[in-house]
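Start counting the sequence shown at 0; every next residue gets the next number (numbering that gives the first Met the number 0). Virtual Cβ for every residue (Gly too), placed ideally from N, Cα, C. So the structure is just underneath, and the comments pick up after that.
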Amino acid sequence: MTTYADVYKSWQDDPDAFWMKAAEAIDWDEKPSKALFDLGDHMYEWFADGRVNTCWNAVDRHVEQGRGSQVAIIHDSPITGTVRKITYAELRNRVATLAGALRAKGVEKGDRVIIYMPMVPEALEAMLACGRIGAIHSVVFGGFAAHELAVRIDDAQPKAIIAASCGLEPGRVVHYKPLLDGAIEQSSHKPEFCVIFQREQEVARLNEGRDVDWHAFQYGVEPAECVPVEGNHPCYILYTSGTTGQPKGVVRHTAGHLVALNWSMKNIYNVDPGEVFWAASDVGWVVGHSYICYAPLIHGNTTIVFEGKPVGTPDAGTFWRVIAEHDVKSFFTAPTAFRAVKRDDPKGEFVRKYDLSGLRAVYLAGERADPDTINWAADVLGKPIYDHWWQTETGWTIAGMPAGIEALPVKVGSPTVPMPGYDVQILDEAGHPMPPGELGAIAVKLPLPPGTLPTLWNAETRFRKSYLDHFPGYYETGDAGMIDEDGYLYIMARTDDVINVAGHRLSTGAMEEVLANHPDVAECAVIGVSDTLKGQSPVGFVCLTNGVNRPHEEITSECVAMVRDQIGPVAAFKQAVVVDRLPKTRSGKILRATMVKIADGDAFKMPATIDDPAILDEITEALKTLGYPKS
Numbered sequence: 000m001t002t003y004a005d006v007y008k009s010w011q012d013d014p015d016a017f018w019m020k021a022a023e024a025i026d027w028d029e030k031p032s033k034a035l036f037d038l039g040d041h042m043y044e045w046f047a048d049g050r051v052n053t054c055w056n057a058v059d060r061h062v063e064q065g066r067g068s069q070v071a072i073i074h075d076s077p078i079t080g081t082v083r084k085i086t087y088a089e090l091r092n093r094v095a096t097l098a099g100a101l102r103a104k105g106v107e108k109g110d111r112v113i114i115y116m117p118m119v120p121e122a123l124e125a126m127l128a129c130g131r132i133g134a135i136h137s138v139v140f141g142g143f144a145a146h147e148l149a150v151r152i153d154d155a156q157p158k159a160i161i162a163a164s165c166g167l168e169p170g171r172v173v174h175y176k177p178l179l180d181g182a183i184e185q186s187s188h189k190p191e192f193c194v195i196f197q198r199e200q201e202v203a204r205l206n207e208g209r210d211v212d213w214h215a216f217q218y219g220v221e222p223a224e225c226v227p228v229e230g231n232h233p234c235y236i237l238y239t240s241g242t243t244g245q246p247k248g249v250v251r252h253t254a255g256h257l258v259a260l261n262w263s264m265k266n267i268y269n270v271d272p273g274e275v276f277w278a279a280s281d282v283g284w285v286v287g288h289s290y291i292c293y294a295p296l297i298h299g300n301t302t303i304v305f306e307g308k309p310v311g312t313p314d315a316g317t318f319w320r321v322i323a324e325h326d327v328k329s330f331f332t333a334p335t336a337f338r339a340v341k342r343d344d345p346k347g348e349f350v351r352k353y354d355l356s357g358l359r360a361v362y363l364a365g366e367r368a369d370p371d372t373i374n375w376a377a378d379v380l381g382k383p384i385y386d387h388w389w390q391t392e393t394g395w396t397i398a399g400m401p402a403g404i405e406a407l408p409v410k411v412g413s414p415t416v417p418m419p420g421y422d423v424q425i426l427d428e429a430g431h432p433m434p435p436g437e438l439g440a441i442a443v444k445l446p447l448p449p450g451t452l453p454t455l456w457n458a459e460t461r462f463r464k465s466y467l468d469h470f471p472g473y474y475e476t477g478d479a480g481m482i483d484e485d486g487y488l489y490i491m492a493r494t495d496d497v498i499n500v501a502g503h504r505l506s507t508g509a510m511e512e513v514l515a516n517h518p519d520v521a522e523c524a525v526i527g528v529s530d531t532l533k534g535q536s537p538v539g540f541v542c543l544t545n546g547v548n549r550p551h552e553e554i555t556s557e558c559v560a561m562v563r564d565q566i567g568p569v570a571a572f573k574q575a576v577v578v579d580r581l582p583k584t585r586s587g588k589i590l591r592a593t594m595v596k597i598a599d600g601d602a603f604k605m606p607a608t609i610d611d612p613a614i615l616d617e618i619t620e621a622l623k624t625l626g627y628p629k630s
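Structure below.
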């Protein structure tokens with residue numbers, strides 16, 4: 000049997016041969032002459048001289064291979080109470096018709112199309128239709144503020160925008176059309192036309208001359224065939240938050256994306272074609288691109304588009320219902336979703352209502368998975384829980400469990416080991432490798448593997464400054480961590496979250512691990528606030544498990560004692576406060592940097608991706624009780 004070590008070494012020994020072999024699983028119009036193209040000055044492309052089409056590989060080839068009757072997409076919406084299934088044959092017809100309608104309106108290879116949609120199959124169809132004719136899509140999270148959408152319109156300069164009339168949240172309708180209209184009004188660039196998918200929950204008013212109805216737009220058009228594109232042709236642009244407030248447009252080239260994602264489905268997520276795979280995310284995020292839309296379909300799996308929440312639609316058992324009803328084999332979600340479920344159902348009583356015997360493993364990513372959450376999930380589910388680590392920029396796993404190759408021992412707190420293509424190293428500030436067990440900056444030796452970002456959209460200088468300049472010859476991840484003696488990687492914090500307390504470099508993640516072990520704590524965050532004496536001091540925020548009625552002062556005193564006991568007095572951890580909720584992005588990342596600015600009394604820009612801005616007022620009040628800001 001092949002081991003992980005064998006596979007990783009085969010990549011190290013001959014990267015070109017490794018990726019050319021992986022590329023054989025993809026249908027090419029013209030095969031590439033080699034895998035890696037070195038453009039010089041630390042810039043690289045993969046399979047650049049091949050010709051290929053994403054939509055063909057994700058849809059048509061499965062129909063051609065006689066699997067058109069297999070379900071491609073299951074739309075499960077507990078918010079509307081509906082389940083809809085679309086086969087590969089149906090998906091091909093729907094995508095070809097939409098692509099034909101776009102082409103008839105003048106959208107061609109290289110044109111940009113912004114997609115502003117909720118969690119409906121039509122969002123995936125729009126993405127695939129763009130890929131079918133070589134248009135470059137940029138999905139913007141449905142319901143994003145008008146100003147933020149305007150910024151992306153001006154950067155991508157789309158010929159068209161495809162949007163829905165509304166999105167649905169528990170108990171409310173999110174009106175997309177006024178946000179879209181406001182964004183176009185604010186933006187300098189104006190799209191030639193907008194396609195509006197009208198949902199029955201809200202039919203929006205169309206702007207005459209600019210807006211077209213989704214169904215009327217496609218009526219009577221000639222379906223489009225797949226257009227082969229160069230291997231280095233952009234499949235999409237995905238905007239990720241930039242530290243300057245100006246979003247960064249991550250570019251994803253077509254061929255490397257196809258090869259890497261296809262490879263990942265069996266080797267990491269351990270599913271075979273025909274099986275059901277579910278990533279509980281949103282098409283607005285990279286997980287939605289890679290593992291709701293593209294990878295499962297490229298690999299011939301059935302993918303689930305879920306319109307709901309981990310709790311409240313209708314209860315903390317909704318994940319288990321979906322897994323049981325649709326026979327999900329591999330499940331991918333964010334740790335924050337499990338923390339929400341754990342808070343509502345700490346004993347896992349909902350799990351016992353469903354048959355989860357078909358589920359092989361759960362994969363967590365999107366933020367650091369604290370050991371307490373992993374252990375809780377493993378206990379209540381009785382399944383392997385695999386943390387894995389990657390970024391919007393990389394598009395797929397940097398370090399994870401190679402479950403389809405070999406199930407390595409789980410070390411709770413580690414996303415396991417680097418995947419082929421990633422030479423992960425821990426560096427000090429000067430760029431020197433650190434010994435095992437030492438905390439430092441996590442960097443990846445160039446070149447990055449296929450499927451990762453080759454550059455930023457119209458911003459090569461910013462690309463270099465953001466990722467390449469700090470450690471020449473490396474991609475700077477922005478995360479801090481260490482590698483142990485067995486080669487397991489540990490992500491301890493964003494580089495910004497390593498705090499310096501009286502000359503000691505300490506990980507806020509390590510402190511959060513301790514707090515999460517308190518029996519009454521459902522979720523927590525630790526930030527470093529400015530301290531004139533020590534440089535920085537840690538402050539903890541804890542959310543309590545439902546039903547806990549003890550005095551908050553008792554709980555926070557116990558939390559302080561636990562950190563001092565397990566990390567030591569060097570941490571100088573003296574302050575913790577109970578809060579109802581933590582401020583997060585819609586994808587579940589805790590907005591620690593914003594919390595620091597509030598504590599330090601600094602001005603801050605409201606994060607575009609924040610889930611509920613009102614939570615910042617609660618954090619401000621909690622910090623006031625601790626005496627922050629000091630000035």
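Thinking residue i and residue j are a contact (beta carbons under 8 Å), I'd like their distance in whole angstroms, please.
i: GLY450; j: TRP395; result: 5 Å
i: CYS292; j: VAL285; result: Not quite, the Cβ-Cβ distance comes to about 11 Å (not below 8 Å), so this is no contact.
i: VAL258; j: ASN300; result: About 17 Å separates the two Cβ atoms, so there is no contact after all.
i: THR619; j: VAL576; result: Going by Cβ atoms, the distance from THR619 to VAL576 rounds to 12 Å, so no, they are not a contact pair.
Just grab the DSSP bridge partners of residue i for me.
i: LYS84; result: ILE73
i: LEU444; result: Inspection of the sequence shows that residue 444 is occupied by Lys rather than by Leu. Answer is ASP422, TYR473.
i: ARG151; result: Answer by DSSP bridge pairing: none, since ARG151 is not bridged.
i: ILE195; result: ALA162, ASP212
i: LYS583; result: ILE589
i: GLU168; result: ARG171
i: ILE498; result: LEU505
i: ALA633; result: The displayed coordinates of the chain run from 0 to 630. Any statement about residue 633 would go beyond what the structure contains.
i: ARG45; result: According to the sequence displayed, residue 45 carries Trp and not Arg. LEU35.
i: LYS247; result: THR239
i: VAL228; result: VAL51
i: LEU488; result: ILE482
i: GLU29; result: ARG50
Tell me which residue opens and which closes the alpha helix (DSSP H) that residue i is part of.
i: GLY508; result: 507-515
i: GLU620; result: 613-624
i: LEU237; result: First-last for LEU237: 233-239, but that is the beta strand (DSSP E), not the alpha helix (DSSP H).
i: ARG463; result: Unbroken run through ARG463: none, as it is neither H nor E.
i: TYR3; result: 3-12
i: VAL379; result: 370-380
i: ARG131; result: 120-132
Any idea what DSSP makes of residue i, helix, strand or coil?
i: HIS174; result: strand
i: PHE648; result: Residue 648 cannot be examined here, being either before or after the span of the chain that is shown, 0 to 630.
i: SER263; result: helix
i: GLY39; result: strand
i: SER137; result: strand
i: ALA479; result: strand
i: ILE183; result: helix
i: MET433; result: coil
i: ILE597; result: helix
i: LEU438; result: coil
i: HIS252; result: strand
i: GLU63; result: helix
i: GLU428; result: coil
i: LEU97; result: helix
i: LEU355; result: coil
i: LEU205; result: coil
i: LEU455; result: strand
Span of the beta strand (DSSP E) holding residue i?
i: LEU363; result: 360-363
i: PHE540; result: 534-543
i: TYR385; result: 384-386
i: ASP530; result: 520-530
i: ARG549; result: Careful: ARG549 lies outside any beta strand (DSSP E) and carries neither H nor E.
i: VAL576; result: 574-577
i: TYR115; result: 111-115
Looking at chain B, is there any beta carbon in it that lies within less than 7 Å of the beta carbon of residue i?
i: ILE72; result: Any reference to chain B falls outside this structure, which holds one protein chain only.
Taking only runs of the alpha helix (DSSP H) that begin and end inside the stretch 262-341, which ones reach a length of at least 4 residues, in chain order?
294-297, 317-325
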